[in-house]
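Protein chains in written order, with my numbering: chain F, 2 to 492; chain P, 3 to 97.
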């Protein structure tokens, strides 16, 4: 049995022409999950009954000629998105028994567009991690090498798409959590601009950075799905009230005349030599397609890791204060007073990395340290964002690596949080500035995929998707697939 | 900046986390490492830089003060560890 290699557009066309049915596609997806997820652990919850019922409903609409352009296509949602009546755990013991009373806007819009959800994907607990090892439900394994991490935090979505369990999955990206796992798993991961996709019903990690996006097999697939997800939502106070461009229509634009900036700060000593070679080859492809490669400088890029690891934990410590064991979530049975109940419920319900970030965030916001840490980080954030803004006066898109190295081994970085944090060096500035970014496969080092990152100005998703798509028209790295993992093995 | 076990205990109290004694030592070491990383920012000249709280240049939107949500109390309370008669139950706070 092999995974379905068709693009979302091809699947949608086959569905509309009735040469396949949604039931057939969804059943095939569920069968591959059943067969291979024992080895991968990409899913926390699989919903076969609801998925097959939704597939039949999609087929009925298609039979009546009522389907939309995406009706009947299977998808999986990262388990950070609230799904009405279905467990929404955020990969935490804290929410292990939580059944959401409502749908996230992303879930609602993709369902309205006709996509059929087959289940909820594994992730780092509360999206805090870069390896998927902080999940309460165990690590996800990289389909290219089962001893390695698929990246994180959207590691389940990345592994599920890479292994052909689903054609696409939703993700969220606070510091690289879509782009980094996409790079390490050899797929395409797209994070739109902050404010482009509603965060309503997306469990909050760091509210000034969080953004939803898509993990898929191509920029074209990502463009189709993000168009369906994006747009103003009055239920998210940070949702941008701007029209969503027709991204798919922009994909075919030739690269002649496009200016692509390459910052030397992206090619520093920390970048693996093999990855650097793949990236230079990718830049050659873009040049041959007619793009002009321009030097740009991002002098404050080196500040992005320390800045992020103040801002994100600070916001997380505030957002996660809601988990008190009273209204929902885990409650300790060992407490006799209210104060004890709060402390023990949070201690038992949160994993070690989440507690570490809450502690860091609490400290940098505490009396006497706020100015030195949090306020200083907000100023450094401004310097980083200004670097990018200035660069986009001169170029349409910035290109560079997504990660310093290919996928690392499970357990390799778990003892030292700082080593894990430094893995985010090339992705974080995008979140601090709120701009869009994509990672696309650009080759292999020792059999492991490497990602090319393309970054655009705020609300300039169309240019990013256009360059990514043109690159994918000229290369076939995004069509490479890992061998199927051993079937039925529960690790 | 190195944190002592006492610092860790104080932060854990502010964060309402019941760390064990072994964890206090581990957190003191790991949080000190993290603070070592973020301490790089102290050297950066940010005089005159306006702090950036948020990527969007926008004002808080207001909406008419009318009821927009349906009543979902019963549904929501199904997720409560303990609820009774529409109320959330917690350990006794007044003796």
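C-beta: ideal position from N, C-alpha, C; glycine also.
Note that this is a predicted model, so its numbers are computed, not measured.
- For residue 209 of chain F, the C-beta contacts it makes with chain P under 8 Å involve 55, 56, 57, in order along the chain.
- Here the alpha carbon of residue 420 of chain F sits roughly 27 Å from the alpha carbon of residue 40 of chain F.
- Counting only residues of its own chain and dropping the five nearest sequence neighbours on each side, residue 36 of chain F has a CB closer than 6 Å to the CB of 488.
- Rounded to whole angstroms, the gap between the alpha carbons of residue 286 of chain F and residue 475 of chain F is 8 Å.
- Cβ-Cβ separation between residue 466 of chain F and residue 430 of chain F: approximately 20 Å, too far for a contact (criterion under 8 Å).
- In the structure shown, residue 148 of chain F adopts coil according to DSSP, grouped into three states.
- With 16 or more other Cβ atoms inside 10 Å of its own Cβ, residue 375 of chain F counts as buried.
- By the criterion of a C-beta distance shorter than 6 Å, residue 21 of chain F is surrounded in its chain by 15, once the five residues flanking it on both sides are discounted.
- Between residue 75 of chain P and residue 90 of chain F, the alpha-carbon positions lie close to 20 Å from each other.
- Shown here, residue 177 of chain F sits in coil according to DSSP, grouped into three states, outside any helix or strand.
- Proximity to residue 261 of chain F across F/158, F/139, F/292 peaks at F/292, based on C-alpha coordinates.
- Less than 7 Å separates the beta-carbon of residue 385 of chain F from that of residue 433 of chain F.
- In the structure shown, the three-state DSSP call for residue 121 of chain F is strand.
- Closer than 7 Å to the CB of residue 92 of chain P there is at least one CB belonging to chain F.
- Assignment of residue 454 of chain F by DSSP, reduced to helix, strand and coil, places it in the strand class.
- Per DSSP, residue 37 of chain F is not a residue of any beta strand (DSSP E); the alpha helix (DSSP H) it occupies stretches across 23-41.
- The beta carbon of residue 361 of chain F falls within 7 Å of a beta carbon belonging to chain P, placing the residue at that interface.
- For residue 414 of chain F, the three-state secondary structure derived from DSSP is coil.
- In the DSSP assignment, residue 402 of chain F falls within the unbroken beta strand (DSSP E) covering 398-402.
- For residue 78 of chain F, the pairing in a beta bridge is given by DSSP as F/121.
- In the DSSP annotation of this structure, the continuous segment of the beta strand (DSSP E) that includes residue 442 of chain F starts and ends at 438-446.
- Residues of chain F with a Cβ closer than 7 Å to the Cβ of residue 52 of chain P are, in chain order, 383.
- Within the same chain, and ignoring the five residues on either side of residue 13 of chain F in sequence, the residues whose Cβ sits closer than 7 Å to its Cβ are 70, 71, 74.
- By the rule that beta-carbons nearer than 7 Å mark a contact, residue 49 of chain P does not touch chain F.
- Taking a cut-off of 8 Å for Cβ pairs, the stretch 273-286 of chain F and the stretch 243-253 of chain F do not touch, as fewer than three such pairs fall below it.
- Pairing residue 316 of chain F with residue 208 of chain F gives a Cβ-Cβ distance under 7 Å.
- Scanning F/258, F/186, F/45 for the CA closest to the CA of residue 484 of chain F turns up F/186.
- The three-state reading of DSSP puts residue 275 of chain F in helix, counting H, G and I together.
- Residue environment analysis places residue 363 of chain F among the buried positions, since at least 16 neighbouring C-beta atoms fall within 10 angstroms of its C-beta.
- In this model, residue 439 of chain F and residue 119 of chain F are separated by some 25 Å (Cα to Cα).
- C-alpha of residue 27 of chain F to C-alpha of residue 117 of chain F: approximately 8 Å in a straight line.
- Bounds of the alpha helix (DSSP H) holding residue 36 of chain P are 23-40.
- The contact set of residue 344 of chain F on chain P, defined by CB atoms closer than 7 Å, consists of 18, 19, 20 in chain order.
- At a cut-off of 7 Å, the C-beta of residue 418 of chain F has a neighbouring C-beta in chain P.
- Rounded to the nearest whole angstrom, the CA to CA distance from residue 377 of chain F to residue 10 of chain P is 22 Å.
- Chain P places no beta carbon closer than 7 Å to that of residue 355 of chain F, leaving this residue out of the contacts.
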